[in-house]
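Below: one structure, written as structure tokens.
Residue numbers (our numbering), protein chains in the order written: chain R, 56 to 170; chain B, 94 to 204.
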């Protein structure tokens, strides 16, 4: 079974450039999460969607970050313009809202370096 | 927001030793989860706990949901080199809220 698929796996970009990270959740999952991982702050929830609708974006650092989920099988996280402090691993995760299905499954992450 | 205090931050142990790590919170959670992250990979679920007092094993791993519902621990018995990685606890306040993660315990196993 395919898990959560993220792309790109690695990206190095120059400060000021636009970065777009992509995610395909597990088929049938109706929750999608974007997390950011850094050494200092650990895993931070940026935003999550339920049935393609953004539910809570309070974790999005600032207006430079935006996320969309145009359909049940695709989501993007965009950073424009990027800054060096955005360097981190960005994880997409999905889950199924069943009574005991409140576990989430992570993708392998997108490793972003902004220079 | 909610915070989970996970300890220790890091551990260096000899192969064959047992490992214990824990997670505490000021809030009551109705679900506790333990994840492991291998280098260069995303976190993978190890054990899920749904009831206060629940004790669950997964091979050499054992986790417990604290009776107060404010803590959980994970034990690894007879550690091996492939146990190396970062272990995260995560808690959920209710079925409609996202998980809150601890900052992780980085485990190193010396052969």
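All residues carry an ideal CB built from backbone N, CA and C; glycine is no exception.
Just so you know, these numbers come straight off a predicted model, no measurement behind them.
query                                                                                                                                                                               : result
I think residue 104 of chain R touches residue 76 of chain R, with their Cβ atoms under 8 angstroms apart; what is that distance to the nearest whole Å?                            : Not a contact, Cβ separation roughly 14 angstroms.
Using a Cβ distance threshold of 8 angstroms, determine whether the region 108–123 of chain B contacts the region 93–111 of chain R, with at least three qualifying pairs required. : no
For a contact meaning CB atoms closer than 8 angstroms, what does residue 136 of chain B contact in chain R?                                                                        : 98, 146 and 161
Using CA coordinates, which residue listed in B:126, B:178 and B:190 is at the minimum distance from residue 155 of chain B?                                                        : B:126
Does any C-beta atom of chain R lie closer than 9 angstroms to the C-beta of residue 174 of chain B?                                                                                : no
With a cut-off of 8 angstroms, do at least 3 Cβ pairs link the region 60–76 of chain R to the region 98–106 of chain B?                                                             : no
Mind listing, in chain order, the continuous alpha helix (DSSP H) runs of no fewer than 4 residues lying wholly within the region 116–186 of chain B?                               : none
By alpha-carbon positions, which one of R:147, R:169 and R:134 ends up nearest to residue 136 of chain B?                                                                           : R:147
Looking at the structure shown, is residue 193 of chain R part of a helix, part of a strand, or coil, going by DSSP?                                                                : Any question about residue 193 of chain R goes unanswered here, given that chain R covers just 56 to 170.
Would residue 84 of chain R count as contacting chain B if we go by Cβ distances under 9 angstroms?                                                                                 : no
How close, in whole Å, do the beta carbons of residue 202 of chain B and residue 108 of chain B come, if the pair is a contact with beta carbons under 8 angstroms?                 : 6 angstroms
Where residue 112 of chain B and residue 170 of chain B are concerned, what is the direct C-alpha to C-alpha distance, given to the nearest angstrom?                               : 6 angstroms
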